[in-house]
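Residues in the sequence shown are numbered from 27 upward in steps of one, following our numbering.
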Amino acid sequence: MATVSQGDLIELEIEKFADKGKSLARVDGYVVFVEGAVPGDHVKAYVHRTKSSHAEAKLDTLLDPSDLRVEPRCRYAAPCGGCTWQHVDYEAQLEMKQQSVAEALEHHTGFEDVDVRPTIGSPKQFFYRNKMDFDFSADRWLTRDEIETEKDFDTDFALGLHVPGNFFKVLDLQECHLHSELSVRLVNGIRDFVKENEWQPWDIRNHEGFLRHLVLRTGEQTGDCMVNLVTHGAPEDRISAFADFLQEDFPEVTTFIHTNHTGKSQNPEGEEQVIFGPGLIYDEIGDYRFEISPGSFFQTSTLQAEQLYEVARDFADVQPSDRLYDLYCGTGTISLFMSEHVDEVVGAELVEAAVADARTNAEMNDVDNCTFVSGDLKELFTPDFVETHGRPDALIVDPPRAGMHKDVVAQIADLAPERFVYVSCNPQTQVRDLERLRDVYRVDAVQPVDMFPHTPHVENVVRLTAHGARGEG
Ligand SMILES: C[S@@+](CC[C@H](N)C(=O)[O-])C[C@H]1O[C@@H](n2cnc3c(N)ncnc32)[C@H](O)[C@@H]1O
């Protein structure tokens, strides 16, 4: 029995990466998950939780660093929740993502001999995001470095990101390497402007204050830039002063939206008003142009989305005579990307606004072979749906993190189109769904794609072929 107790400071040799960006070490066989450590590190770690199966600990002192460590680029890398892995060599991050997909498959029977390809790296390791949501807060988190300067900080104002695990406190970010150089300038310029004008940030405990969120979106391929300022209340003089400030100091901003959010939820939602510009931006994936309004879902890394869709297209082996189903189609990005290679695409999606965007996007790109349907797939995807739209030759699914409802999986098993591609942002639920399809499909290829460098998130594409299909030996 291990002698690890809550509150202990213990010395550990880190063995390997584990789930959620943590690493794994053992004490006499007893597993300890360590936050902030890297395989090969020799560390002192503080144990904050013990269970019969394992303990949870946080890196306290780095006694001997691993060769996989690199110097983080950002001063906030350790306390900020944006980049858990900036201190890890990028090649090692890619290997870890490949390993996590392989382990998800190994935990289920029937996938023992499946090869997982090396993870496709992101064309940009920094500044790869096209959207960032920042929060204003009346409760600033001070980093260890900031405290050590012994300077006097205004702890009643912050504009930045929440520290992980803390609902109230926000890091006042002066730099960030995820979005664009413009995004950093905007955050710093906006902070100076609102502080000069003594506008109050939102106090999450008392539900008081004016400034709530700042959502910045940019078009990677178009240079468009949207600023969405979310406040509690909408005093006209303030909104027009803010618009004047943006137009004077940031001519790169192509549209400004003000959102009045008087509710208690912490989501950047509410009554939107376009103050200047068209109220939307454009971006491009491959040869296709997409309209992005404040509430639209759009792949966060435009450049890597193109590589992801290319993998999906190659895996689906699309043919000019194909009827392709694109389930969980969002704003129709995969459908449009495939449209020129097939006869017809049928896209289905829960959110009506996304389906409306998908139709607009098809029209804007002069694409007339895509049909989009809205509804919850667990009710929508029935034999009637297939009767109405015709049997698919190939199927692509890209569900949310929870994976597919079992009724959707059962309907796929009944239909069994020969070629089936499963794109997922959660290999655990993906493998669960695939196990349910084992009697119908074999797994041919597995390709992880890195959409989010410096985070443990992994996107994974699986190609399946129906048993008894052409080429089956
Ligand atoms: C990971 S996104 C994929 C979007 C799109 N394929 C893309 O690449 O932009 C998953 C999509 O599934 C949709 N969705 C979630 N639950 C659903 C359900 N029960 N039925 C239909 N669509 C659903 C979400 O609204 C979201 O647009």
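Note that the Cβ used here is the ideal one computed from N, Cα and C, for glycine as well.
* Asked: In the structure shown, what three-state DSSP assignment does Phe-179 receive?
  -> coil
* Asked: Among the residues of its own chain, which have a CB less than 6 Å from the CB of Pro-474, if the five just before and after it don't count?
  -> Lys-123, Gln-124, Val-127, Thr-145, Val-484 and Asn-486
* Asked: When burial is assigned at 16 or more other CB atoms within 10 Å of the CB, is Arg-427 buried or exposed?
  -> exposed
* To do: Would you mind sorting Asn-293 into buried or exposed? The rule is 16 or more other CB atoms within 10 Å of its CB.
  => exposed
* Apart from the five residues just before and just after Lys-42, which ones in its own chain have a Cβ nearer than 6 Å to its Cβ? -> Leu-50 and Pro-65
* **Residue environment, Asn-254, which counts as buried when at least 16 other CB atoms sit within 10 Å** => buried
* Contacts around Thr-408, its chain only, beta-carbon distance under 6 Å, and the 5 residues preceding and following it disregarded -> Hits under 6 Å: none found.
* Asked: Can you tell me the Cα-Cα spacing of Cys-396 and Gly-249, whole angstroms?
  -> 28 Å
* Excluding the five sequence neighbours on either side, which residues of its own chain have a C-beta within less than 8 Å of the C-beta of Arg-339, listed in chain order? -> Phe-363, Met-364 and His-367
* Pro-149 classed as buried or exposed, judged by whether at least 16 other C-beta atoms fall within 10 angstroms -> exposed
* To do: Report the three-state DSSP secondary structure of His-4 (helix, strand or coil).
  => Only positions 27 to 499 of the chain appear in this structure, which leaves residue 4 out of reach.
* Mind checking whether the beta-carbon of Val-377 lies closer than 7 Å to any heavy atom of ligand 1? -> For Val-377, the CB falls within less than 7 Å of some heavy atom of ligand 1.
* Asked: Near Lys-70, which residues of its chain fall below 6 Å by C-beta distance, leaving aside the five closest residues on each side in sequence?
  -> Leu-35, Glu-37, Asp-86 and Thr-87
* Asked: How about Ile-3: is its Cβ closer than 7 Å to a heavy atom in ligand 1?
  -> The question about residue 3 has no answer, for the chain in this structure spans 27 to 499.
* Could you give the C-beta distance for Glu-97 and Leu-208, rounded to a whole number, given that I count them as a contact under 8 Å? -> Actually they are not in contact, since the Cβ atoms of Glu-97 and Leu-208 sit about 25 Å apart, beyond 8 Å.
* To do: Report yes or no: do the region 220–228 and the region 126–140 share at least 3 C-beta pairs separated by less than 8 Å?
  => no
* **Three CB pairs or more closer than 8 Å across the region 330–350 and the region 417–435** => yes
* Asked: Taking the continuous beta strand (DSSP E) assigned at Met-252, which residues delimit it?
  -> 251–257
* To do: Return the bridge partner residues of Glu-336 from the DSSP annotation.
  => None; Glu-336 has no bridge partner.
* Report the residue from Cys-106, Leu-94 and Cys-100 whose alpha carbon sits nearest the alpha carbon of Val-114. => Leu-94
* Can at least three beta-carbon pairs, one atom from the region 159–170 and one from the region 236–245, be found at a separation below 8 Å? -> yes
* Asked: In three-state terms, what does DSSP make of Met-364?
  -> helix
* Beta-carbon gap between Phe-411 and Glu-375 smaller than 8 Å -> In this structure, the beta-carbon distance from Phe-411 to Glu-375 does not fall below 8 Å.
* Asked: Got a sec? Which residues, its chain only, sit under 6 Å from Ser-319 by beta carbon, not counting five neighbours each side?
  -> Leu-306
* Asked: Taking the C-alpha atoms as reference points, what is the distance between Gly-33 and Ala-83?
  -> 9 Å
* Where does Ile-40 fall in DSSP's three states? -> coil
* **Under 8 Å between C-beta atoms of Cys-109 and Thr-359** => Thr-359 sits away from Cys-109, with the two beta carbons spaced by 8 Å or more.
* Can you list, in chain order, the residues of its chain whose CB lies under 7 Å from that of Gly-499, leaving out five sequence neighbours each side? -> For Gly-499, the predicted structure reports a pLDDT of 43, less than 50, and the residue's modelled location is therefore unreliable. The matter cannot be settled from this model.
* To do: Enumerate, from N- to C-terminal direction, the unbroken alpha helix (DSSP H) stretches of 4 or more residues contained entirely within the region 348–413.
  => 359–365, 378–390 and 403–406
* **Length at least 3, wholly inside the region 110–198: the beta strand (DSSP E) runs in chain order** => 157–163, 184–188 and 196–198
* Looking only at C-alpha atoms, which of Tyr-102, Phe-59, Asp-178 and Glu-117 sits nearest to His-188? -> Taking His-188 as reference, the option from Tyr-102, Phe-59, Asp-178 and Glu-117 with the minimal CA-CA separation is Tyr-102.
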